[in-house]
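K.L.:
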Amino acid sequence: MAMRIDGKRISQQIKDELKEEVAALGEQGVKVCLAVIQVGNDPASTVYVGNKKKACAYVGIESLAYELPEETTEEELLNLVRELNKKDEVNGILVQLPLPDHIDEDKVIRTIAPEKDVDGFHPQSVGALSIGQKGFVSCTPAGIIQLLKRSDIAIDGKECVIVGRSNIVGKPMALLLLRENGTVTVCHSHTPDLKAVTRRADILVVAVGKAKMIDADYVREGAVVIDVGMDRDENGKLCGDVDFASVEPKASAITPVPGGVGPMTIAMLMHNCVESAKQNI
Ligand code: GUN
0 MAMRIDGKRI
10 SQQIKDELKE
20 EVAALGEQGV
30 KVCLAVIQVG
40 NDPASTVYVG
50 NKKKACAYVG
60 IESLAYELPE
70 ETTEEELLNL
80 VRELNKKDEV
90 NGILVQLPLP
100 DHIDEDKVIR
110 TIAPEKDVDG
120 FHPQSVGALS
130 IGQKGFVSCT
140 PAGIIQLLKR
150 SDIAIDGKEC
160 VIVGRSNIVG
170 KPMALLLLRE
180 NGTVTVCHSH
190 TPDLKAVTRR
200 ADILVVAVGK
210 AKMIDADYVR
220 EGAVVIDVGM
230 DRDENGKLCG
240 DVDFASVEPK
250 ASAITPVPGG
260 VGPMTIAMLM
270 HNCVESAKQN
280 I
């Protein structure tokens, strides 16, 4: 039976470490502050934003919440971002995605100052990651690296296969695993024989957004399986992209959904905010 990688426990550990660090920074007169912008009231976004504010409060990071109406124009949003870019007391700026259709997401992301881009979505952050330079890293893949490291799972020399090539997870995940000396393959919807590739993996990361798509047939005996999915099954119950019941007996380690990758995203967001504040010392 696979070891369950406990994202709830590991994210708590990271938040506790950060809480101590924030307290120590406070003693030096350094404050950490995250501005969170939500446009409209998409219910899922409201939950995510609420969780981010809660995590900030726990760690000791000040959060500035900007809840803007759905009708906010692109220019109004860009002006708010520009204003926050200039405020020395704001270390991080997060614009919750998705944005309403009339706003160009790329333009908004490009307007965030790279030194405050705690989501790691700015082209400069992505470029820095791709050439191994300093910059903020997208929180979900950064959280997966922490899950592996803190579970004593070696990446160096391992065959790593990623299913999914999104800008937020698949692509940065590939770069991070490569940075850790993994041998990396990225699969996607045009990969002809997906099973043949995923079966090679020592470490399999799945981020496709299809409920229970990956069953035991896709997994090599003893593989480590990381499930980034947040889907609903046929009964409306939260599940991942991996068919947990089928894969768990075959894997050596596996992340559950919920309680695996999910909690790590916010922990790494907090980490990025603290790193940003430390740049100003
Ligand atoms: N929407 C869903 N996940 C995220 C995230 O990590 N950051 C932002 N800004 N929006 C999101």
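Numbering-wise, the sequence shown is residues 0 to 280 according to numbering that gives the first Met the number 0.
Positions of the beta carbon are idealized from the N, C-alpha and C atoms, including for glycine.
(1) Following the continuous beta strand (DSSP E) through Y65, name the residue where it begins and the one where it ends.
(2) To which residues does DSSP link Q37 through a beta bridge?
(3) Give the single residue among K209, G208, G228 and T197 whose Cα lies nearest to the Cα of L215.
(4) Output the boundary residues of the beta strand (DSSP E) element that contains V283.
(5) Determine whether the beta carbon atoms of Q95 and Y47 lie at a separation below 8 Å.
(6) Apply the 10 Å Cβ neighbour rule to T254 and answer buried if 16 or more other Cβ atoms are within range, or exposed otherwise.
(7) Distance, Cα to Cα, A200 vs P262?
(8) If I'm right that I143 touches V260 with Cβ under 8 Å, what's the distance once you round it to whole angstroms?
(9) Rank E158, K52, P171 and K277 by C-alpha distance to the C-alpha of G265 and give the top, closest one.
(10) Does G28 pass the burial test, meaning 16 or more other C-beta atoms within 10 Å, or should it be called exposed?
(11) Flag this pair as yes or no: are the beta carbons of V176 and L128 separated by less than 8 Å?
(12) Could you have a look at T182 and say whether DSSP puts it in helix, strand or coil?
(13) What's the gap between the Cα of D100 and the Cα of S124?
(14) From the DSSP output, in three-state form, read off L203 for me.
(15) Between the alpha carbons of E104 and F120, how many angstroms are there, rounded?
(16) So, at 7 Å on beta carbons, what are the nonlocal neighbours of R81 in its own chain, with the 5 sequence-adjacent residues on each side left out?
(17) When DSSP labels each residue in this structure, what does D155 get in the three-state scheme?
(18) Grab me the residues of A22's own chain with a C-beta within less than 7 Å of its C-beta, minus the 5 sequence neighbours each way, in chain order.
(19) Grab me the residues of N50's own chain with a C-beta within less than 7 Å of its C-beta, minus the 5 sequence neighbours each way, in chain order.
(20) For K115 versus N90, is the C-beta spacing smaller than 8 Å?
(21) Roughly how many angstroms separate the alpha carbons of L83 and S245, rounded to a whole number?
(22) Using DSSP with H/G/I as helix, E/B as strand and the rest coil, what is M2?
(23) With a threshold of 7 Å (Cβ to nearest heavy atom), would L93 be considered close to ligand 1?
(24) Helix, strand or coil: how does DSSP classify A210 here?
P.N.:
So, from the data block:
(1) Position 66 of the sequence shown, counted from the start, is the residue given in the question as residue 65. That run of the beta strand (DSSP E) goes E61 to L67.
(2) Indexing the sequence shown from 1 puts residue 37 at position 38. The partner list for Q37 (beta bridge, DSSP) reads E66.
(3) Residue numbering aside, residue 215 sits at position 216 when the sequence shown is read from its first letter. With the sequence shown as reference, residue 215 is identified as Ala, and Leu is not the correct amino acid for it. When only C-alpha atoms are compared, the closest one is T197.
(4) Absent from the model: residue 283. The displayed extent of the chain is 0 to 280, so no value can be given.
(5) Reading the sequence shown from its first residue, position 96 is the one you call residue 95. Reading the sequence shown from its first residue, position 48 is the one you call residue 47. Yes, they are a contact pair.
(6) Residue 254 sits at position 255 when you count from the first residue of the sequence shown. It is buried - the Cβ of T254 has at least 16 other Cβ atoms within 10 Å.
(7) What you label residue 200 is simply residue 201 of the sequence shown in a count that begins at 1. What you label residue 262 is simply residue 263 of the sequence shown in a count that begins at 1. Separation of A200 and P262 (C-alpha to C-alpha, rounded to the nearest whole angstrom) is 24 Å.
(8) Along the sequence shown, one-based indexing puts residue 143 at 144. Along the sequence shown, one-based indexing puts residue 260 at 261. A Cβ-Cβ separation of about 6 Å places I143 in contact with V260 under the 8 Å criterion.
(9) The residue you call residue 265 lines up with position 266 of the sequence shown. The question names Gly, but residue 265 is Ile in the sequence shown. Checked all of E158, K52, P171 and K277; the closest Cα to I265 is K52.
(10) Along the sequence shown, one-based indexing puts residue 28 at 29. Flag for G28 reads exposed.
(11) By 1-based counting over the sequence shown, the position of residue 176 is 177. By 1-based counting over the sequence shown, the position of residue 128 is 129. This sequence places Leu at residue 176; Val is not what is there. In this structure, L128 does not lie closer than 8 Å to L176 by Cβ.
(12) For this step, residue 182 is matched to residue 183 along the sequence shown. DSSP places T182 in strand when its eight states are reduced to three.
(13) By one-based count along the sequence shown, residue 100 stands at place 101. By one-based count along the sequence shown, residue 124 stands at place 125. D100 and S124: Cα-Cα distance of roughly 24 Å.
(14) Reading the sequence shown from its first residue, position 204 is the one you call residue 203. In this structure, DSSP gives L203 an extended state, which the three-state scheme calls strand.
(15) As a working mapping, residue 104 is identified with position 105 in the sequence shown. As a working mapping, residue 120 is identified with position 121 in the sequence shown. E104 and F120 have their C-alpha atoms spaced approximately 11 Å apart.
(16) Here residue 81 is taken as the residue at index 82 of the sequence shown, counted from 1. Excluding sequence positions up to five before and after R81, its CB lies within less than 7 Å of the CB of T110, all in the same chain and listed in chain order.
(17) As a working mapping, residue 155 is identified with position 156 in the sequence shown. When DSSP states are grouped into helix, strand and coil, D155 belongs to the coil group.
(18) As a working note, residue 22 is residue 23 in the sequence shown. Excluding residues up to 5 positions away in sequence, G59 lie with their Cβ nearer than 7 Å to the Cβ of A22 in the same chain.
(19) Locating residue 50 in the sequence shown gives position 51, counting from the first residue. Taken in chain order, the residues that qualify are I265.
(20) Numbered from its first residue, the sequence shown carries residue 115 at position 116. Numbered from its first residue, the sequence shown carries residue 90 at position 91. Yes, Cβ-Cβ distance for K115 and N90 is below 8 Å.
(21) Taking the sequence shown and counting its residues from 1, the one referred to as residue 83 is at position 84. Taking the sequence shown and counting its residues from 1, the one referred to as residue 245 is at position 246. Rounded to whole angstroms, L83 to S245 spans 48 Å at the Cα level.
(22) Here residue 2 refers to the residue found at position 3 of the sequence shown. When DSSP states are grouped into helix, strand and coil, M2 belongs to the strand group.
(23) Residue mapping note: residue 93 aligns to position 94 of the sequence shown, counting from 1. Checking every heavy atom of ligand 1 against the Cβ of L93, one is found closer than 7 Å.
(24) Position 211 of the sequence shown, counting from 1, holds the residue named residue 210. It is coil, neither helix nor strand.
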